[in-house]
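Here the sequence shown stands for residues 536 to 1129, numbered as in our numbering.
All residues carry an ideal CB built from backbone N, CA and C; glycine is no exception.
The structure appears right after this line, and notes come after that.
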Amino acid sequence: MAPKKPTAGHNDLSDDFTLWTVYFLLLAWRYTNAASLRTFFQPDEYFQALEPAWNLAFGPDSGAWITWEWREGLRSSLHPVLFAIFYRAAGFASNISDLGPTDRADVLIRTPSLLQSAIAAAIDFFTWRLAHRIYGRQSKITHVTLLLTAVSPWQWFCSVRTFSNSLETALTVFALYYWPWEWYSASSEKGSNSRLSGRFAGNLNVSLFAAALACILRPTNVLVWMVLTVLLFRYNTSKIQTLAVRAVACGILVLIVSLIADTAFYGKLTFPPLNFLQFNVVQSLSTFYGVNRPDYYFTEALSLMLTTALPFAASGLWQGLRRPAASDAEEDRVRQVRHLLTCTVLSMVLVLTLITHKEVRFIYPLLPMLHVIAAEPMTNFFHPFPVPASYTRRALLALMMTANLLIASYAGTTHQRGVIDVMHYLRQQQEARLQHPPTGSQPNITVGFLMPCHSTPWRSHLVHPEIAAWALTCEPPIDIPPEQRATYLDEADVFYKTSAEDWLRSNMASTDTIKRDSLETSSDTVKDDKLRAWPEYLVFFDQLAPTLEHYLTGTQYTECWRGFNTHWYDDARRHGEVVVWCLPTPEDRERQKS
Ligand SMILES: *[C@@H]1O[C@H](CO)[C@@H](O)[C@H](O)[C@H]1NC(C)=O
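Rendered as structure tokens:
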């Protein structure tokens, strides 16, 4: 397995064919992956991507939920714009093919997966290509890298979700593949002919452009490129100027693109990274979303992200810490790139540790590098791969693959599935009315979610703008003076931390309007328009059932749906199954009377 010289961009035709074949196989894999996910992970998947995209594609009357970040211009529009294009195209295609509301909804719900699986497949593909550049095309280690990323449970769980972190990861590994790793080698300084060859210059521009886009999407990505640039100072100062000039050029280009896009999107001159800093650092609103332990990334996040690959990644990082001899020997060149990747990974984790709000997703862009780093120890441990000589190791490899399969399928189909299932149930209730308009009752269903804010997806799953829905909100204290922020409670806090009954009393119409003997439907009899009418469908977690049973005794509500949500709880407010209570429609009441 003689490693080759790095050959980014150097392919003949049959080579291109193989590469495209691999990409399309990965795409099919990720599409299957996306189509099989049934679970909820984190609200940003919907509220920071699909909802603004929905709003852009179908207009302000389409019922998308726009969070404060999008009202204040904190987020780059480039990410939702991509999904909006797909939504618009899917909406257009369903109109010209005259689909009914149910089929159209099915198409729209699946639409984001088309784009997202292409992004997810790009993560796998360029992780493999990065391994090519380091270990050589035919090396076993390169094959192992592809295997690691393709069967990673984290990739299965997260890469096909519409997080900006997934796109950031794809852009990062793409840029790393085209990054000028040769500059760090011993021979590069000596033979420094200052003119770049055409292809090489092209690759550098491509790399810097992708890196700049990743930074616009998520400003913390700048750390990756800062570390790599600082390391270049240590190896080869003659290239710094070239890098700086091109980085500035690409950066300005991306800034102009994003400034135009954001100004068009927000309807006024907007520069999200600046607003982002202003809100999160200056006003330190991000702590409103949680403060984590300082060791979170090292003790928890890395294990969650790497799962079974963790021991190999740890071993690879340990080996990568040592700075290799500056020689042109192939082995030293490989060690050196691994050393650079190790420095990048560790520095970024260390810097992110300083930020109080931590999530696994924030270190996701490091996963491709970690897979490349883990591949060599793993190949050596399971030598000869894929059928190790030792029986114990054979068994371990089988165990590792089985564990991956179990984790991925549990996380993908079971953990937190109720909050997705309930959206399908509600949508189907509305579709039934669209297909057979009821005579007596409202043509549109009304839904209220008494859950912690953003517990379910929103219009990307409800689809029909006819569904009139509301949920408890959790607006951060933007307009509140800093000294009052410590005691600030958002709506969901008021509901859960003080008294749910008080909240119901001061926000909902009197329960007299929905008593069993009352003749009218709720919405007709609400006089005080500051109070909300009781919705036909009330959605909550089972832990709230005793409170509601007490508050709503003698009303017409009956349970009409219940779905399993999860075996594990980290939040007492989300305990139990997802439950839906309904008010009877006029038809139901007619039936009851006769
Ligand atoms: C039902 O929803 C549609 C779409 O949002 C709206 O145009 C219509 O006025 C609603 N009908 C009623 C009776 O609320």
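Backbone CA spacing between residue i and residue j [nearest angstrom]
| i | j | result |
| --- | --- | --- |
| Ser1057 | Ala749 | Note on Ser1057: pLDDT 48, under 50, position unreliable in the model; no value is reported. |
| Glu1122 | Asn979 | 15 Å |
| Phe917 | Leu856 | 23 Å |
| Ile676 | Glu894 | 30 Å |
| Thr1060 | Leu940 | Confidence is the limiting factor: at Thr1060 the pLDDT is only 49, short of 50, which leaves the residue's position unreliable, though a coordinate-based value still follows. Between Thr1060 and Leu940, the C-alpha separation is close to 54 Å. |
| Trp603 | Thr1008 | 11 Å |
| Ala853 | Leu885 | Note on identity: in this sequence residue 853 is Trp, with Ala being the wrong assignment. Cα to Cα, the separation comes out at about 16 Å. |
| Thr662 | Tyr712 | 8 Å |
| Gly626 | Thr637 | 13 Å |
| Tyr1095 | Ala1006 | A small fix is needed here, since residue 1095 is Cys in this sequence, not Tyr. Their Cα atoms are separated by approximately 19 Å. |
| Leu517 | Trp691 | Within the shown structure, residues of the chain are numbered from 536 to 1129, placing residue 517 beyond reach of any answer. |
| Ala746 | Thr707 | 6 Å |
| Pro754 | Val679 | 31 Å |
| Phe559 | Val759 | 29 Å |
| Gln1127 | Ser976 | 15 Å |
| Arg952 | Tyr945 | 10 Å |
| Phe552 | Arg672 | 15 Å |
| Met883 | Tyr670 | 24 Å |
| Glu1018 | Leu1024 | 14 Å |
| Ile654 | Thr805 | 27 Å |
| Glu1072 | Ile1049 | In the sequence as presented, Glu is not what sits at residue 1072; that position holds Tyr. Using only the alpha carbons, I get a separation of about 13 Å. |
| Tyr832 | Leu902 | 13 Å |
| Glu607 | Glu1026 | 19 Å |
| Ala1003 | Lys1065 | 17 Å |
| Thr937 | Pro919 | 20 Å |
| Gly737 | Pro715 | 11 Å |
| Leu1083 | Gln970 | 32 Å |
| Trp689 | Leu881 | 19 Å |
| Thr927 | Ser1034 | 57 Å |
| Asn915 | Arg873 | 16 Å |
| Ala1068 | Ile1015 | 29 Å |
| Ala624 | Arg639 | 12 Å |
| Tyr1089 | Arg1124 | The amino acid occupying residue 1089 in the given sequence is Gly; Tyr does not appear at that position. About 15 Å. |
| His1085 | Asp830 | 43 Å |
| Leu702 | Asp633 | 33 Å |
| Arg1020 | Asn815 | 14 Å |
| Met1043 | Ala943 | 42 Å |
| Val1029 | Leu739 | 53 Å |
| Val659 | Leu876 | It is Asp, not Val, that sits at residue 659 in the sequence shown. Distance between the alpha carbons of Asp659 and Leu876: 17 Å. |
Beta-carbon separation (whole angstroms), residue i vs residue j, contact threshold 8 Å
| i | j | result |
| --- | --- | --- |
| Val954 | Val1113 | 6 Å |
| Asp1077 | Gly1098 | The Cβ separation is near 10 Å, so there is no contact. |
| Pro987 | Asp867 | Actually they are not in contact, since the Cβ atoms of Pro987 and Asp867 sit about 53 Å apart, beyond 8 Å. |
| Ala796 | Leu613 | 6 Å |
| Thr1101 | His950 | 5 Å |
| Ser687 | Ala844 | 7 Å |
| Pro587 | Ile601 | 6 Å |
| Leu743 | Ala782 | 5 Å |
| Thr891 | Thr574 | Wrong, their Cβ atoms sit about 28 Å apart, outside the cutoff. |
| Leu683 | Ala910 | 6 Å |
| Ala705 | Ser652 | Actually they do not touch by this definition, with Cβ atoms about 11 Å apart. |
| Leu889 | Ile898 | Incorrect: roughly 13 Å between the Cβ atoms, too far for contact. |
| Leu778 | Leu767 | 7 Å |
| Ser611 | Ile751 | 5 Å |
| Asn756 | Pro615 | The pair is not a contact, with the Cβ atoms about 18 Å apart (cut-off 8 Å). |
Beta carbon proximity, residue i to chain D, threshold 8 Å
| i | result |
| --- | --- |
| Leu681 | Structure shown: chain D not included; a single protein chain is present. |
Scan the segment 1082-1125 and note each continuous beta strand (DSSP E) run of 3 residues or more that stays entirely inside, going in chain order. 1093-1098, 1113-1117
Pocket of ligand 1 (residues with CB nearer than 6 Å to any heavy atom), chain order: That gives Gln977, Pro978, Asn979, Pro1000, Glu1001.
Taking 8 Å as the cut-off, does the segment 595-614 touch the segment 930-939 (at least 3 CB pairs, one atom from each stretch)? no
Contact between the segment 639-658 and the segment 691-698 (3+ Cβ pairs under 8 Å): yes
Mind the definition here: the segment 584-593 touches the segment 619-634 only if three or more C-beta pairs lie below 8 Å; say whether that holds. Cβ pair count under 8 Å is three or more, so yes.
Three or more beta-carbon pairs under 8 Å between the segment 958-968 and the segment 987-1000, yes or no? With the cut-off at 8 Å, the segment 958-968 and the segment 987-1000 touch.
Which whole runs of the alpha helix (DSSP H) in the segment 620-672 are 4 residues long or more, in chain order? 636-670
Check whether the segment 665-672 and the segment 899-915 are in contact - that is, three or more C-beta pairs closer than 8 Å. Judged by Cβ distances under 8 Å, the segment 665-672 makes contact with the segment 899-915, as three or more pairs qualify.
Scan the segment 939-999 and note each continuous beta strand (DSSP E) run of 3 residues or more that stays entirely inside, going in chain order. Qualifying beta strand (DSSP E) stretches, in chain order: 981-985.
Give, in chain order, every unbroken run of the alpha helix (DSSP H) that is at least 4 residues long and sits entirely within the segment 791-866. 807-812, 837-841, 845-856, all fully within the segment 791-866.
Along the chain, which unbroken stretches of the beta strand (DSSP E) at least 3 residues long are found entirely within the segment 671-742? none
Mind listing, in chain order, the continuous alpha helix (DSSP H) runs of no fewer than 4 residues lying wholly within the segment 894-936? 902-916
Length-filtered (4 minimum) alpha helix (DSSP H) runs lying within the segment 756-783: 757-770
4 or more residues per run - each alpha helix (DSSP H) lying fully within the segment 550-616: 586-593, 603-606
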